[in-house]
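Asks: Counting from 605, one number per residue, gives the positions in the first sequence under this note's numbering.
We put the beta carbon where it would ideally sit given N, CA and C, even for glycine.
Bear in mind the structure is a predicted one, so any value in this text is a computation, not a measurement.
Questions regarding the structure given below will be posed in turn.
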Amino acid sequence: MKTAVVWHRNILRIHDNPLLDMVHDKGHFDHVVPIYIVTPEALTEDYSVNRKRFLFQSLLDLKKNLDAHYKMPLLLLQGDVNQILSRVFEALDSGEVELICDYCTHPSRRTELANVESLISEKADVSLTIVSSANTLLDIETVVSSPSYTEPKSMKDMQKIFKRAFKSTSEHFNVPEPRKKVPNLPLVKRVSKKLSTDKKISKHVLSEKKIASQLGKDSKEKSYFPGGESEALDRVDRKISDNPAYINNFSKPSTVSTNERNNPFEPTTTGLSAYLAAGCLSPRLVWRLCVNANLTGPHTKPPVSLTGQLMFREMFYLLSRSVENWDSDVGNSNCKNIEWDDLDKEKVRLWEEGKTGFPLIDAMMRQLDATGWMHHLGRHAVSCFFTRGQLWQNWKYGRDVFDRKLIDSDWALNNGNWLWLAGVAPFSMPYFRIYNPCPTPGTSLNVETDEAQFIRHWIPELKSFPSKYIFEPHLASEKVQRESNCIIGVDYPEPMVDRKISRKNNLAKFKESLSRL
DNA sequence: GGATCCGTTGTAGCT
DNA sequence: AAGCTACAACGGATC
């Protein structure tokens, strides 16, 4: 009797799922038991309400899909990983067990896996199979440990790495196809029932009540991005499969345009980040659909194309694995030592709560808090504001806020993007490019724009304010403020800094810090 | 080996 | 009023 325990770590889907693929291809298992073990921080304040909701929606969707396609009940567990796995192995007391899981690059998850490896090395009838690159295009470990590997800093470097890894000089590098959905797997009801009723295991099983509490009450704001593979694939169809022109024209703006920065109701980007981060969506599938669209005609190319975005994602995964202390401002070869001010909790609080007195910054921070999402250029603007632009706070404190609140939180990418934006990394944007937190509307000063609507949507205090003053309401006359039912300094804060002075001072401070390196 | 180019993503001020 | 220009100026790759 052979049983496969399929441990889904960061892969919450059944399409292009190499774990299920392996079970199917080996073909010799009598039983398959899919499990998921919730990591401790997912149940604490380390995750915002939105992040929790996204994760648990995704888990319930995985459960539903496994059941619908394979009649496999997913065991949702919480607790110490080695303790849980030991009990699972004990409960499956007859025959061989093969534990199959996906590889994750995050340091704590590598430690977790190392502990599991040592547990299994003591057990004669249990073996372990680790599937690499379930959630990346490249096999991160293989690339990073290759003798020819040097740390990438640009798209050119990434193109070289892709050429070598896939042994292809073609435009799309012959990245492997996503796998077809596995047609069928053995029935597993009996074994899983045995597991879920086992006393030692059942105390680790997440109850319906516990799951419901993680899902929380319906948020007041309609969720832009409900969690789960089903939602991911729907969105892929809408944005990519049914819309090749969108992919072929996809290009990040070279300047911050009013329209690009904010469309609060539907992003101009794909909105797939959260699904990729949680493993609800296969990056190979996205790559393939981009290639299919590209083959139909002229198209944008890396770095601005969507394939380029996926390649930057790979770049940060590689760096996060090869750079020591990737998430730290000390002992990190990719972080220049800039003399930031000491942590100022009050400044961080005003920024985090959207009370800086800069309406665009505040609107975006309130959107992040309410929905767990922010447009990428919004992220640039608020993180630039927090670091070298205005507040001169260390990037790591802003990084922590993003990590807790974003539904697309991803350790490798979040740190990489903050390093990039703070201007401290070798791959950074030039430090003197400071975003203006108060961009004036592109056309006539009193014309209604997307951005003005966006501000009024998230900052109801300003809902009657004229567009002319919406970015800097403190400049409006007392009369205008009274007529708009919003007195600055009473109903909405004064700007917490003089943006022109702090910009100028910070530019000089950055230059000075660099000259001391 | 020195000069030049390039790097996903800017801003302010003037005309 | 859109478009130009000055600003500021790192470091590695390329020629």
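1. Hey, how far is the Cα of I815 from the Cα of I639?
2. In its own chain, which residues sit with a C-beta less than 6 Å from the C-beta of L995, not counting the 5 before and 5 after it?
3. Within 10 angstroms of its Cβ, does S1048 collect 16 or more other Cβ (buried), or is it exposed?
4. Secondary structure at V720, three-state DSSP: helix, strand or coil?
5. Report the option in K656, G631, V636, H632 whose CA atom is closest to the CA atom of V642.
6. Report the residue ranges of all alpha helix (DSSP H) runs contained in full by the stretch 876-910; include only those spanning at least 4 residues, in chain order.
7. Roughly how far, in whole angstroms, is the beta-carbon of Y674 from the beta-carbon of L789, given that I think they are within contact range, below 8 Å?
8. Hey, out of Y1001, S926, H979, whose CA is closest to L954's CA?
9. Can you tell me which of the three DSSP states P1041 falls into?
10. Helix, strand or coil: which one does DSSP assign to S834?
11. DSSP has S731 in a bridge; who is on the other side?
12. For the beta strand (DSSP E) that contains W611, what are its first and last residues?
13. So which of E702, K807, N896, P1099 has the shortest CA-CA distance to S845?
14. Using alpha carbons as the reference points, say which of L679, L680, L1079 lies closest to N1042.
15. For Y1001, write down the residues that DSSP places opposite it in a beta bridge.
16. List the residues that DSSP assigns as beta-bridge partners of H635.
17. Does the distance from the CB of L703 to the CB of L666 come in under 8 Å?
18. Please report the distance separating the alpha-carbon of A1112 from that of Y1039.
19. Quick one: residues in its chain with C-beta nearer than 6 Å to the C-beta of I724, no 5 flanking neighbours on either side, listed in chain order?
20. Thinking N852 and P902 are a contact (beta carbons under 8 Å), I'd like their distance in whole angstroms, please.
21. At the level of alpha carbons, what is the spacing between N669 and A769?
22. Going by DSSP, what residues sit across from Q682 in a beta bridge?
23. Whose C-alpha, out of T746, V986, A695, E1076, is nearest the C-alpha of V806?
24. Given a threshold of 16 other Cβ atoms within 10 Å of its Cβ, counted over all protein chains shown, does D973 qualify as buried or as exposed?
25. Using 10 angstroms around the beta-carbon of L1121, count the other beta-carbons present and answer buried if the total reaches 16, otherwise exposed.
26. Could you check where the alpha helix (DSSP H) with P751 kicks off and where it finishes?
27. Closer than 8 Å by C-beta to F1114: which residues in its own chain qualify, once you throw out the five before and the five after it? Chain order, please.
28. What do you reckon, are the CB atoms on G820 and V653 nearer than 8 Å?
Replies: Considering the structure as presented:
1. Here the alpha carbon of I815 sits roughly 15 Å from the alpha carbon of I639.
2. K951
3. Residue confidence is low: S1048 scores 40 on pLDDT, short of 50, so the model does not pin down where it sits. No coordinate-derived value is stated.
4. helix
5. Considering only K656, G631, V636, H632, the residue with the shortest C-alpha distance to V642 is K656.
6. 877-882, 887-898
7. 5 Å
8. Y1001
9. Three-state result, P1041: coil.
10. Helix, per DSSP.
11. E702
12. 606-611
13. For the residues E702, K807, N896, P1099, the minimum Cα distance to S845 belongs to N896.
14. Sequence inspection shows Cys at residue 1042; the Asn mentioned does not correspond to that position. When each option's Cα is compared against that of C1042, the closest is L1079.
15. Its beta-bridge partners do not exist; DSSP assigns none.
16. T607
17. no
18. 16 Å
19. For I724, where only same-chain residues beyond five positions count, the Cβ hits under 6 Å are V730, L732.
20. 7 Å
21. 33 Å
22. V642
23. For the sequence presented, residue 806 should be read as Ser rather than Val. Nearest option by C-alpha distance: A695.
24. That one is buried.
25. exposed
26. Segment: none, P751 is in no alpha helix (DSSP H) and carries neither H nor E.
27. I942, R992, G1027, Y1035, F1036
28. A contact, by the Cβ cut-off of 8 Å.
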